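What follows is a short report on a single structure.
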Amino acid sequence: MKNLGILLSGRGSNFEAIARNIQAGTIPARIAVVISNKEDAAGLSRANEMGLKSLFLPSKGKDRETYDREVVASLKEYQVDLVCLAGFMRVLSPYFVRAFPGRILNIHPALLPAFPGLDAQKQALDYGVQFTGCTVHVVDEGVDTGPIIRQAVVPIEAGDTVESLSARILTEEHRIYSEAIRLMLSGRVRIEGRRATFEP
Ligand code: GAR
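Counting from 3, one number per residue, gives the positions in the sequence shown under this note's numbering.
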């Protein structure tokens, strides 16, 4: 059984969707640890209620690599095989990325490479695109740049607000994040350059 490590900073709905799929037996893994850089993250209390190992690791006053060394040490302590960023609002240092090469996933609420960074749903609305969506990708040393494992398209509707659009994207996030984790754990993913292919 593979060990997942979840990193989050807020609500944690993606984490909960992953946890539900594990309970339902559709992801062959266990959540070994949930780590948050925010003490008041709702996702962290949920993890606690679910009886999962949950850790608040404060980042305040620490430089990026010092903090990342603490996080990596915890992930290693809990023997994490695959790290899942689930609304973890920090950029990872090269040290972190190299500690788990090809074994960190992130979910982003846009069709990358469009609208990386913060407020992706607002960026899409402001730009006036007719379709946006979400992306699960392997984390490399850039920001939202790694090889893409899964994407889903969400049409923008007349009268959409950041809230209404974000809610429809979130439904798709919950679906594709678990699909991507399943794929990664299956060992069927081959990554050549930027391109991921899937063995049958
Ligand atoms: C999700 O929409 C996720 O895609 C986004 O934060 C939200 C977290 O929601 N992540 C990013 O914007 C990363 N750049 P959640 O805490 O309910 O899973």
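Just so you know, even glycine gets a beta-carbon here, dropped at the ideal spot from N, CA and C.
Because the structure is a prediction, the values reported are computed rather than measured.
- An exposed status is given to Pro-115, since fewer than 16 other beta-carbon atoms sit within 10 Å of its beta-carbon.
- Under the 10 Å beta carbon count, Thr-28 is surrounded by fewer than 16 other beta carbons and is classified as exposed.
- Secondary structure within the segment 62–122: the beta strand (DSSP E) runs of 3 or more consecutive residues, fully enclosed, are 84–87, 106–110 (chain order).
- Counting the other CB atoms within 10 Å of its CB gives Val-140 a total of 16 or more, which places it among the buried residues.
- In the DSSP assignment, Ile-33 falls within the beta strand (DSSP E) that extends over 31–38.
- Here the alpha carbons of Lys-62 and Glu-201 stand approximately 43 Å from one another.
- Closest in alpha carbon position to Val-93, among Val-131, Asn-39, Phe-17, Ile-20, is Asn-39.
- Excluding its 5 nearest sequence neighbours in each direction, Ala-182 has C-beta neighbours in its own chain below 7 Å: Leu-107, Val-138, Ile-151, Arg-152, listed in chain order.
- With respect to Val-36, Ser-56 sits close: the two C-beta atoms are nearer than 8 Å.
- For Pro-202, the CB stays at least 7 Å from every heavy atom of the ligand GAR.
- Beta-bridge pairing by DSSP links Lys-4 to Ala-31.
- If you check the CB distance, Pro-149 and Arg-197 come in under 8 Å.
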